[in-house]
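Beneath this line is the structure, given in structure tokens, with notes to follow.
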Amino acid sequence: MLMHPIRRLAVVTALLGSTLAASGCLPLAATGMAVGAMAALDRRTVGAQTEDTEIELRAGNRMPDAIKGARGVAITSYNRRVLLTGQVPDEASKVDAERAVRQVPGVREVFNELELGNRVTFSTAANDSAITARIKAGFVEQKALNSNAVKVVTENGVVYLMGLLSQREGPAYATVASRVTGVRRVVTLYEYVTEEELARITAR
């Protein structure tokens, strides 16, 4: 039986909130409110947001059976376009990881940015998180930018930007990201829409 997109998102939100609350990371009520607010500001439809969460979960569940060193792989889905980042031991594992993701229902496209080698150190991972936070803060500071329109992923100093943007908007986000200390390179994986499509999206 198919579940209505809004109800599916509510279920996913509840599951995520329960996990965070159980671990003591955040109060359950605050978690639900924060996730709900972010979902409302996202340019993806509610259905697409839910599908992306499901894709990430399903792909993550497949990964341990597909390759060795699966813990070094990060999976990010935005509007059913999947980005693979992290480290794998060899080229065969890189190919197998992508194949596993492509077999997940709903996946439209895969960007395989996996590197060969050992997992990054804890300090590198912490620095990546700090870079992502600084980039997001930079978006907020630029009043002309919608900080919720772009997904930021940082891996070993390389920044990946995903989002539904017009050709006019794209360069501004990349410029902000490139100016953050510690960024080695910025890779834009935008899904471009026309100005007319953008107007419809933002009017929802």
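For the sequence shown, the numbering used here assigns the number 5 to the initial residue and increments by one for each residue that follows.
All C-beta atoms, glycine included, are put in the ideal place defined by N, C-alpha and C.
Notebook entry, point to check: Which residue's Cα is closest to the Cα of leucine 118: Val156, Ala134, Val99, Arg204?
Noted result: The residue labelled residue 118 in the question sits at position 114 within the sequence shown. Looking at the Cα atoms, Val99 is the closest of the given residues.
Check: Between which two residues does the beta strand (DSSP E) harbouring tyrosine 82 extend?
Finding: Taking the sequence shown and counting its residues from 1, one reaches residue 82 at position 78. Element bounds for tyrosine 82: 77–82.
Checklist line | Per DSSP, cross-strand counterpart(s) of asparagine 122 | finding: Along the sequence shown, one-based indexing puts residue 122 at 118. Beta-bridge pairing links asparagine 122 to no other residue.
Margin query: Can you find the residues in the same chain that come closer than 7 Å, C-beta to C-beta, to glutamate 55, ignoring five residues on each side of it along the sequence?
Written below: For the purposes of this step, residue 55 is taken as the residue at position 51 of the sequence shown. Taken in chain order, the residues that qualify are Arg84, Gly110.
Next item on the list: List in chain order: all unbroken alpha helix (DSSP H) runs of 4+ residues lying wholly within the stretch 129–199.
Entry: The stretch 129–199 contains these whole alpha helix (DSSP H) runs: 174–182.
Next item on the list: Check valine 114 in the structure and name its three-state DSSP category.
Entry: Position 110 of the sequence shown holds residue 114. Strand, per DSSP.
Margin query: Does the stretch 140–147 come into contact with the stretch 171–188, if we say contact requires no fewer than three beta-carbon pairs (one atom in each stretch) closer than 8 Å?
Written below: Here the stretch 140–147 makes contact with the stretch 171–188; the two share three or more CB pairs at distances below 8 Å.
Checklist line | Spatially closest choice to alanine 129 from Tyr82, Ala78, Pro93, by CA coordinates | finding: Indexing the sequence shown from 1 puts residue 129 at position 125. Among Tyr82, Ala78, Pro93, the Cα nearest to that of alanine 129 is on Ala78.
Notebook entry, point to check: Count the other CB atoms within 10 Å of the CB of arginine 112; is the residue buried (16 or more) or exposed (fewer)?
Noted result: Here residue 112 is taken as the residue at index 108 of the sequence shown, counted from 1. Arginine 112 should be labelled exposed.
Item checked: For valine 105, the first and last residue of its enclosing beta strand (DSSP E) -> Within the sequence shown, numbered from 1, the residue matching residue 105 stands at position 101. Following the DSSP letters along the chain, one finds valine 105 in no beta strand (DSSP E) but inside the alpha helix (DSSP H) bounded by residues 95–106.
Checklist line | Length of the line joining the Cα atoms of threonine 136 and leucine 87 | finding: The count along the sequence shown starts at 1 and reaches residue 136 at position 132. The count along the sequence shown starts at 1 and reaches residue 87 at position 83. In this model, threonine 136 and leucine 87 are separated by some 16 Å (Cα to Cα).
Next item on the list: Indicate whether aspartate 132 and glycine 167 have their beta-carbon atoms separated by less than 9 Å.
Entry: As a position in the sequence shown, residue 132 is number 128, starting the count at 1. As a position in the sequence shown, residue 167 is number 163, starting the count at 1. The beta carbons of aspartate 132 and glycine 167 sit no closer together than 9 Å.
Item checked: N- and C-terminal bounds of the alpha helix (DSSP H) containing arginine 66 -> Here residue 66 corresponds to residue number 62 of the sequence shown, with the count starting at 1. Residues 50–70.
Notebook entry, point to check: If we call anything under 9 Å between Cβ atoms a contact, is isoleucine 139 one with serine 97?
Noted result: As a position in the sequence shown, residue 139 is number 135, starting the count at 1. As a position in the sequence shown, residue 97 is number 93, starting the count at 1. No, the pair does not count as a contact, with Cβ atoms beyond the cut-off.
Next item on the list: Go through its chain and collect everything with a Cβ distance to arginine 188's Cβ below 6 Å, but skip five positions before and after it.
Entry: The sequence position of residue 188 within the sequence shown is 184, counting from 1. For arginine 188, same chain residues with a beta-carbon under 6 Å away, outside a window of 5 residues either side, are Gly161, Val162 in chain order.
Check: Nearest-angstrom Cα distance between isoleucine 205 and leucine 45?
Finding: Here residue 205 is taken as the residue at index 201 of the sequence shown, counted from 1. Here residue 45 is taken as the residue at index 41 of the sequence shown, counted from 1. Cα atoms of isoleucine 205 and leucine 45: separation of roughly 11 Å, rounded to the nearest angstrom.
Next item on the list: Please work out which residues of its chain come closer than 6 Å, Cβ to Cβ, to valine 191, disregarding the five sequence neighbours upstream and downstream, and give them in chain order.
Entry: Counting from 1 along the sequence shown, the entry for residue 191 is found at position 187. Excluding residues within five positions, the ones whose Cβ falls inside 6 Å are Tyr164.
Next item on the list: Mind checking who leucine 202 pairs with in its DSSP beta bridge?
Entry: Stepping through the sequence shown from its first residue, residue 202 is reached at position 198. Per DSSP, none; premise fails for leucine 202.
Checklist line | Distance CB(threonine 89)-CB(glutamate 195) smaller than 9 Å | finding: As a first step, residue 89 must be located in the sequence shown, where it is residue number 85. As a first step, residue 195 must be located in the sequence shown, where it is residue number 191. 9 Å or more divides the Cβ of threonine 89 from the Cβ of glutamate 195.
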